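Colleague:
Number of protein chains: 2
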Amino acid sequence: MALIVQKYGGTSVGTVERIKNVAQRVKRTREAGHEVVVVVSAMAGETNRLVKLAYEVDPDPISREYDALIASGEQVSTALVALALNKMGVPARSFLAHQIEMRTDATRSKARIESVGGPILRAAIERGEVPVVAGFQGVDAEGSITTLGRGGSDTTGVALAAALNADVCEIYTDVDGIYTTDPNIVRAARKIERVSYEEMLELASLGAKVLQTRSVEFGMKYGVRIHVRSSFDESEGSWVVPEDETMEQVVVRAVAYDKNDARISVLGVPDQPGVAAKVFAVLSEAEIVVDMIIQNSSQDGTKTDLTFTVPKADVLTARRLMEPVAAALGAATIKTDNQISKVSVVGVGMRSHSGVAAKMFGVLSQAGVNIQMIATSEIKISVVIDEAYTELAVRVLHQAFGLDT
Amino acid sequence: MALIVQKYGGTSVGTVERIKNVAQRVKRTREAGHEVVVVVSAMAGETNRLVKLAYEVDPDPISREYDALIASGEQVSTALVALALNKMGVPARSFLAHQIEMRTDATRSKARIESVGGPILRAAIERGEVPVVAGFQGVDAEGSITTLGRGGSDTTGVALAAALNADVCEIYTDVDGIYTTDPNIVRAARKIERVSYEEMLELASLGAKVLQTRSVEFGMKYGVRIHVRSSFDESEGSWVVPEDETMEQVVVRAVAYDKNDARISVLGVPDQPGVAAKVFAVLSEAEIVVDMIIQNSSQDGTKTDLTFTVPKADVLTARRLMEPVAAALGAATIKTDNQISKVSVVGVGMRSHSGVAAKMFGVLSQAGVNIQMIATSEIKISVVIDEAYTELAVRVLHQAFGLDT
Chain H
1 MALIVQKYGG TSVGTVERIK NVAQRVKRTR EAGHEVVVVV SAMAGETNRL
51 VKLAYEVDPD PISREYDALI ASGEQVSTAL VALALNKMGV PARSFLAHQI
101 EMRTDATRSK ARIESVGGPI LRAAIERGEV PVVAGFQGVD AEGSITTLGR
151 GGSDTTGVAL AAALNADVCE IYTDVDGIYT TDPNIVRAAR KIERVSYEEM
201 LELASLGAKV LQTRSVEFGM KYGVRIHVRS SFDESEGSWV VPEDETMEQV
251 VVRAVAYDKN DARISVLGVP DQPGVAAKVF AVLSEAEIVV DMIIQNSSQD
301 GTKTDLTFTV PKADVLTARR LMEPVAAALG AATIKTDNQI SKVSVVGVGM
351 RSHSGVAAKM FGVLSQAGVN IQMIATSEIK ISVVIDEAYT ELAVRVLHQA
401 FGLDT
Chain G
1001 MALIVQKYGG TSVGTVERIK NVAQRVKRTR EAGHEVVVVV SAMAGETNRL
1051 VKLAYEVDPD PISREYDALI ASGEQVSTAL VALALNKMGV PARSFLAHQI
1101 EMRTDATRSK ARIESVGGPI LRAAIERGEV PVVAGFQGVD AEGSITTLGR
1151 GGSDTTGVAL AAALNADVCE IYTDVDGIYT TDPNIVRAAR KIERVSYEEM
1201 LELASLGAKV LQTRSVEFGM KYGVRIHVRS SFDESEGSWV VPEDETMEQV
1251 VVRAVAYDKN DARISVLGVP DQPGVAAKVF AVLSEAEIVV DMIIQNSSQD
1301 GTKTDLTFTV PKADVLTARR LMEPVAAALG AATIKTDNQI SKVSVVGVGM
1351 RSHSGVAAKM FGVLSQAGVN IQMIATSEIK ISVVIDEAYT ELAVRVLHQA
1401 FGLDT
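Chains H and G supply the protein sequences, listed in that same order. Residue numbering for the first sequence is 1 to 405, as defined by the numbering used here. Residue numbering for the second sequence is 1001 to 1405, as defined by the numbering used here.
1. Helix, strand or coil: how does DSSP classify D1261(G) here?
2. Does the structure place the stretch 1228-1242 of chain G close enough to the stretch 1276-1291 of chain G that three or more beta carbon pairs sit under 8 Å?
3. For the candidate residues S1012(G), P1311(G) and G1118(G), whose alpha-carbon lies nearest to that of I1100(G)?
4. I'd like to know if the stretch 371-386 of chain H and the stretch 1009-1018 of chain G are in contact, where contact means that at least 3 CB-CB pairs between them fall below 8 Å.
5. Output the boundary residues of the beta strand (DSSP E) element that contains V1346(G).
6. May I ask you to verify whether the stretch 1071-1078 of chain G touches the stretch 100-112 of chain H, counting CB pairs closer than 8 Å and requiring at least 3?
7. Mind pulling the chain H residues with CB within less than 7 Å of A1061(G)?
8. Pull up the CB-CB distance for V1228(G) and S1238(G), whole angstroms please, since I reckon it's below 8 Å.
9. Kindly list, in the order they appear in chain G, the residues whose Cβ is closer than 7 Å to that of V252(H).
10. With three or more C-beta pairs closer than 8 Å as the rule, is the stretch 1241-1250 of chain G touching the stretch 1336-1352 of chain G?
11. Identify whether F280(H) lies in helix, strand or coil by the three-state DSSP scheme.
12. Can you find a C-beta in chain H that's less than 8 Å from the C-beta of L1080(G)?
13. How far does the beta strand (DSSP E) with R1194(G) in it reach, from first residue to last?
14. Looking at the secondary structure, which residues open and close the beta strand (DSSP E) in which Q1137(G) lies?
15. Take Q339(H) and list the residues in its own chain whose beta-carbon comes closer than 6 Å to its own, dropping the five residues that flank it on each side.
16. Give the DSSP-derived three-state secondary structure of R1187(G) in the structure shown.
17. Given a cut-off of 8 Å on the beta-carbon distance, is the pair K1342(G) and Y1257(G) in contact?
18. Does the beta carbon of S12(H) sit closer than 8 Å to a beta carbon anywhere in chain G?
19. Please state the DSSP three-state secondary structure of L1096(G).
20. Which of helix, strand or coil does DSSP assign to T1147(G)?
21. On the three-state DSSP scale, how would you describe T1246(G)?
22. On the three-state DSSP scale, how would you describe T78(H)?
23. Thinking C-beta only, is V1210(G) closer than 8 Å to R1225(G)?
24. Between which two residues does the beta strand (DSSP E) harbouring V38(H) extend?
25. Using the beta-carbon of each residue, which ones in chain H are nearer than 7 Å to S1344(G)?
26. Helix, strand or coil for I125(H) per DSSP?
27. So who's on the other strand from H227(H), going by DSSP bridges?
28. Bridge partners for T1015(G) per DSSP, in chain order?
29. Rounded to the nearest angstrom, what separates G1177(G) and K1087(G) at their Cα positions?
30. Roughly how many angstroms separate the alpha carbons of D1182(G) and A1189(G), rounded to a whole number?
31. Excluding the five sequence neighbours on either side, which residues of its own chain have a C-beta within less than 7 Å of the C-beta of A44(H), listed in chain order?
32. Determine whether the Cβ of K27(H) lies closer than 8 Å to any Cβ atom of chain G.
33. Could you give the C-beta distance for T78(H) and A111(H), rounded to a whole number, given that I count them as a contact under 8 Å?
34. How many Å lie between G330(H) and A262(H) at the Cα?
35. Rounding to the nearest angstrom, what Cα-Cα distance links P311(H) and G274(H) in this structure?
36. So what does DSSP say about E1114(G), is it helix, strand or coil?
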């Protein structure tokens, strides 16, 4: 007998019919002898509807009320799933964040979980009930409702699995696992059986939208085994698990891409200490996330160029904030480019295999893809390229690193 | 400076535009120097949408989850009103039932308020904020969400007004007050300026849907002055207040009707003690509300007929439950009639004026309306008649008791 946390995303509970399917699956899991805790997102489309309402009232809504508003969708879906389970003869009870003391910090709209009220859920499980927990939401120390950001229900699921010492956190979604790349681009993309937390973290933050990054961090920190699978069939999905030796045998696990960033270049800034700090302090204050940063060493030691990427949605704000800074620094000009994408290869095998970067650059060069920026970590290499070449680059890299077969 | 509780119904917050109007009105009230506590219902249509979802999942939904589900509509409307107020520069904060300790008993779907967390709201008011409180919902001792029944937000408003010792509870709705009868039936119907709690209780339970009965009971118990008015204009509405001498000058305050009941007759039951108790025990167990009851004294002292009314929605269940009881009692037959209505005249003036019943029966007789059942209280007389004559009866009574002028 195992304790299984099953998290169902918005599409999995998007209609009454699908909610009944979820209940059926929970029931089957119980009949197989397991204990189940269910975590659900809002019904597909519901959170967007609520967000739209908020922006109709105030284009810059205050965060306390915004969070209270958009957390209401999970109250609906948890109650409906609990109703469906009871209807099938499975005792179930819905829980909102405040009812299980899902405590977070007070950072609205991307709050971080601080503690989870395990005892309340354990008591429900011991009574023979299936707790159906609202994902995505928490409460801060004041008792106000917070939310965990888009995809936050994943994190709720993994956090509960950690608190309850569950055997696995199953993430049910509308795809059947994690792929070596986007199957819409590369037909030969294959489902990955096992991926390490480190790899998944890179993939999650690189635009593979299957899991919220923070849920993977949580999984890694507490050793929660995560199983990403489809809610529409019974097939085995992909496991996100601790790294082991066999994983290093594969050099590149997956190829990811991200078209959501834009590039900003500040040309002709003085090549002296403190310049970058000034530039990025301004962006940080505005909570604009900077991803890649490149500063060339200048040829004559006086002027240099500073290039970085930010989310496309923030590029106008960033530019507006940069202008006075650039002027004060005597920078020549600011250039922005929305037509870029980031393509990355990821794999823990890179730690023990050299030459991956060289191979990647060679493959891209042969395909006629110009590299604008490069960033690397121990287990990934990312390049920024012209957005128009994204699919081409993904395809040639997927093949070159042996992922097609 | 007064402390005013303003309760806005579903139509008053039915769209983003109307929510902004609500916020404007709250702002104006503040600018006039008053302190305001806002209570809101779910946006019009939302509760129905949620009810429909529940019944799609389970035609007989378990009450804990049903209540959790349908209470979610108020989370949306409170947050949106709080957003709109903040946007207009009025500090505001939404509160759900558990956040202000709005404690009820555990009777689902028609829970009774036991206590209200006044201190939390008082603290918010003292900080200069407008609390925006979710109507309709409460929490029981276990921390589960309860709801107060249709129209329950009225009761939330009056209960808060009582707990905060507010000067008035304003009930904003889509009509501009309480009328001497339904203006759709009698064009000459007039808005009532002042009505006593007792009269309003009779009117509320007699099918005038303006205020939830329990809110009036609460108002009477705690002496809360209730002002029913339109959210679409500034006109003075109707006041529900303690009875005073001037009120007795009017014999009949209003004529009400109710088409929601059906009649059940059990014919030929033994005329002996304990029979009625047996019959109604069965209905009471099934939580079917019996309104009027008539038992004729039998002519020969052996058999009699028992007639009573129940909600139309319950008539089939009631009949099914009665059949074995009637058989056991040796009753001849059970008859039901859905085509009835109840027409009532109400007024505290009846206490000091005799002949109201005689006049009422005379007027109906002259109009050719046959009376099937009669029930009276100190301040009202109700008759059950053929449903087809409802409008006629209301019209002639409204005129005969001088309400047209």
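For glycine and all other residues, C-beta sits at the position ideal for the given N, C-alpha and C. For clarity, every value in this text was computed on a predicted model and none was experimentally measured.
Modeller: Let me lay it out:
1. strand
2. no
3. G1118(G)
4. no
5. I1340 to V1346
6. no
7. Checking the sequence, you will find Pro at residue 1061(G) rather than Ala. Those are L83, listed as they occur along chain H.
8. 5 Å
9. Residues of chain G passing the Cβ test: none, with the nearest at roughly 45 Å.
10. yes
11. helix
12. yes
13. R1194 to S1196
14. Q1137 to V1139
15. E387
16. coil
17. yes
18. no
19. coil
20. strand
21. helix
22. helix
23. no
24. E35 to V40
25. Ordered by position in chain H, no residue passes the 7 Å Cβ test against S1344(G), which lies about 38 Å from the chain.
26. helix
27. E170(H) and W239(H)
28. T1015(G) pairs with nothing; no bridge assigned.
29. 30 Å
30. 7 Å
31. G10, T11 and G14
32. no
33. That belief does not hold up - the Cβ atoms of T78(H) and A111(H) are roughly 19 Å apart, past 8 Å.
34. 23 Å
35. 24 Å
36. strand
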